[in-house]
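2 protein chains.
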Amino acid sequence: MKKESIGIGLMGLGVVGGQVAKVLTEKASALAEQAGCPLVLRKIKVRRIDPERPRAHQLPAELFTTDDDEFFNTPGIDIVVEAIGGENPAREYLKRAITSGKHVVTSNKEVIAKHGAELRALAREHHVGLRYEASAGGGIPLIAPFKHDLVANEISGIYAIINGTTNYILTRMAREGIDFPAALKSAQELGYAEPNPENDIEGIDANYKLAILASLAFQHEVRPEDIYCEGISRIGSRDFRYARELGFAIKLLAIAKLVDNAIEARVHPVLIPEDSLLAKVDGVYNAILVEGDLIGKVLFYGQGAGPSATSSAVIADIVASAQDILLGVGNRFKWKAESGKKIKPMAEIETQYYLRVNCADRPGVLAQISKILGDLKISIASAIQKEADMTAQTAELVLMTHPSPEKAMQQALSKIAQLEVVKEISNFIRVENI
Amino acid sequence: MKKESIGIGLMGLGVVGGQVAKVLTEKASALAEQAGCPLVLRKIKVRRIDPERPRAHQLPAELFTTDDDEFFNTPGIDIVVEAIGGENPAREYLKRAITSGKHVVTSNKEVIAKHGAELRALAREHHVGLRYEASAGGGIPLIAPFKHDLVANEISGIYAIINGTTNYILTRMAREGIDFPAALKSAQELGYAEPNPENDIEGIDANYKLAILASLAFQHEVRPEDIYCEGISRIGSRDFRYARELGFAIKLLAIAKLVDNAIEARVHPVLIPEDSLLAKVDGVYNAILVEGDLIGKVLFYGQGAGPSATSSAVIADIVASAQDILLGVGNRFKWKAESGKKIKPMAEIETQYYLRVNCADRPGVLAQISKILGDLKISIASAIQKEADMTAQTAELVLMTHPSPEKAMQQALSKIAQLEVVKEISNFIRVENI
């Protein structure tokens, strides 16, 4: 299709939207060359007009509107870029854009994680592209590999450090020996964690991103509620000390595996071998390790957030959409209606476990705990006993098991907690040997 | 374009070609779904018919031919996959395929490094795709990021461990304290290095791959002869010891940078900080670190060679070509005719240097060397003097400079070598702080 220009309608002029507008303006000529014709910003939908907002005063006032109808009725918009985030009204906006025949680019992980299947089907029906590279991993190409580069592979596993806030907090804890509350507070002061940090530290953000990645990797809709999710607030500085002693690092991982045509998907802290490449991913950086039958292991690493990195992915999607429009290509995404795969319940997963128990400092404790584990066919790989507290007459016992079913381990935990000699199960962390 | 199937002509049934044929056969149904219709192997061109060759006996005999004309005249070939390697006749085969209107996929680094510009122009002229993801980095998507994912970025640097053989040898040297000849011999025995290892250890293989990557990243033809190239055979076990003492690892890096619109491209051993992610890339693994203005640093890691990983990239290219054919898309690659960039001569680069000098064990040596460096405005960042050999009355002096121009450093080296107190400049390695 020969076109003089490709028109862009931008929804939202926040951190991401503002940066997208900036790049579209500043790199106009380079992007025109990549896309095949100029990319022209035709309308910007904002909640309220605020000429003092950064970027806003650099853009012509007539570009702005607060009115949905005015935005969607603007002539010459070929691509709608949604950068407002959140589930609603983003979902309705995306549906409206798609049904009115516009190609769509979004950086919104929540709406894609929750409504990806619906939006993909709608986009296919209306012959338009739906692109969301920026929804996971910021500027790191994480979506593209599953759609293009790795298509010859059967993906067997995804292991991802995909939330910068929690990785920053865990890195501080590992390096400085500080506890979670202190690390969180410092992260908040430095702007790496939000005043209300729940979304990050409870693993919700990682959950959304994993839902997106696993759905693509396994060609099966993995919904946020299919994913077991546990945050990092229970991790103590002691866990880092013991983990190190055992040769492990602690990371919040988003894990998805395909075993016997069943999908296992979970977000929780894990011990990983300290010489694993993922163990070296520190601070706000993200990384995803993908295992496929042909490629073996590949890893992608970079800045998983931030306006600049995110805009890199959004603009790449805009350019790809523009190329498709010029080539007369509508929707190109393949998706099996029925994959035949199942989601595995958490109780059925099998992994190794790290267990830290606060118990009475007297003989026979290990024997009692070992018996419970043994009866449930859980065998112990290693044990450390130390940190005896003379006054309280307690000791700390750290156990690492061999691979065992989650169900048996949960039964063991509840029995161990009931032992008279056990004061408290201080922590319980799964282990991944990657 | 509605088609019943996409026909594939395969040239070469060696390690890569054989694996491609295997995957096309074994994954036929999954690939048909990805591509949009079945991918059918219609002809295989081999140098000689050998029914005993692995794979060959699993394929119908009528697929094989040794005759070029028969191959190119086979009806229904839409995509030609070149897996014979080397410069000629691969170049002529690719040209013939392109000029007869076939989309082309190749894993051949040498032909793309040397003739990429010619082949790209030809493919554009004949409205067909030219894809070569497997030519660099095996199964790791290295080409795709530059063509798609990072298009919004101005790339400022590429730092790549892109030859598995040399990385394996250097890893063994670093871990075991052995010297180059022993590590090479062991690598050869294990099949990680070829009986004639020159192509790998002298950096020629890395040179080709860097030419391909730099040409894409900077949208400017970087030819193999534009790249300074130095192998790893001069590295000694002592260099690893001193490097470690200074906090560095030693890797063979392929480096390309864009500074003031001038392209700097070189392959040589470097000292990199040991906490750099690239320093953790061990054994036959490859990794590429890319710096862009929006994304900051991204890193891609995986198996850079091997039939299985390489076939993953070749098949992804075949699927992309098939999708394009079905969508009626010919050539889609943008390439500026004139980028306006220059190639920077090696003498003009600026970096830090590590220098190991075997000198007389007597006072004043450091003063004499420092004077030469100082006169050339090269300042010393750190110095280690040790390993005195009592019998020979010599000592080893290790210096690390601050960033200095290569030209001045080469002058300094030749002056230092002439000092009466200097027995020998034992080694000289550049340093990259990445």
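Protein chains in written order, with the numbering used here: chain R, 1 to 434; chain X, 1001 to 1434. From the three backbone atoms N, C-alpha and C, an ideal C-beta is built for every residue, glycine too.
Do you know how far the Cα of residue j is from the Cα of residue i?
i	j	result
X/I1079	X/G1007	6 Å
R/D221	R/R124	The displayed chain sequence assigns Glu, not Asp, to residue 221 of chain R. Taking the straight line joining both Cα atoms gives about 16 Å.
R/S311	X/E1004	40 Å
X/P1447	R/L289	Residue 1447 of chain X is absent from the structure shown; chain X starts at 1001 and stops at 1434.
R/I84	R/T65	14 Å
R/E82	X/G1292	24 Å
R/F71	R/A144	29 Å
R/S379	R/E230	25 Å
X/M1409	X/P1403	10 Å
R/E176	R/D389	23 Å
R/G157	R/I295	12 Å
R/Q352	R/Q368	20 Å
R/K102	R/S339	28 Å
R/I325	R/E202	40 Å
X/E1350	X/A1265	12 Å
X/V1267	X/K1209	10 Å
X/A1309	X/Y1192	15 Å
R/Y242	R/F248	8 Å
X/N1196	X/S1237	22 Å
R/N442	R/S100	Lying before the first or after the last residue shown, residue 442 of chain R is absent from chain R, which here runs from 1 to 434.
Which word fits residue i, buried or exposed, when buried means at least 16 other C-beta atoms lie within 10 angstroms of its C-beta?
i	result
X/S1382	exposed
X/L1170	buried
X/K1386	exposed
X/A1214	buried
R/A347	exposed
R/Q19	buried
R/V259	exposed
R/H127	exposed
Under a three-way DSSP split, which group does residue i fall into?
i	result
X/R1356	strand
X/Q1418	helix
R/Y132	coil
R/L252	strand
R/G292	strand
X/Q1303	strand
R/P273	strand
R/A83	coil
R/E264	strand
R/V46	coil
R/S339	coil
X/V1040	strand
X/K1297	strand
R/L383	Checking the sequence shown, residue 383 of chain R turns out to be Ala, not Leu. It is a strand residue.
X/K1423	strand
R/L399	strand
R/P141	coil
What are the partner residues of residue i, as DSSP defines its beta bridges?
i	result
R/T394	R/A360 and R/D389
X/F1428	X/L1355
R/S308	Answer by DSSP bridge pairing: none, since R/S308 is not bridged.
X/Y1159	X/I1255 and X/L1289
X/T1106	X/E1082
X/I1008	X/L1041 and X/I1079
X/F1064	X/I1044
Are the CB atoms of residue j and residue i within a distance shorter than 7 Å?
i	j	result
X/D1205	X/N1163	yes
R/V319	R/Q34	yes
R/I140	R/I272	no
R/F218	R/I255	no
X/T1166	X/L1277	no
X/R1356	X/S1426	yes
X/G1086	X/E1110	yes
R/I98	R/L122	yes
R/L10	R/I44	yes
R/V104	R/L142	no
X/N1358	X/E1420	no
X/A1113	X/P1038	no
X/A1313	X/E1133	yes
X/I1235	X/P1269	yes
R/V23	R/I315	yes
* To do: Below 9 Å between beta carbons is the criterion; list the residues of the segment 358-382 of chain R that meet it against any residue of chain A, in chain order.
  => Considering every chain present, this structure includes no chain A. Its protein chains are R and X.
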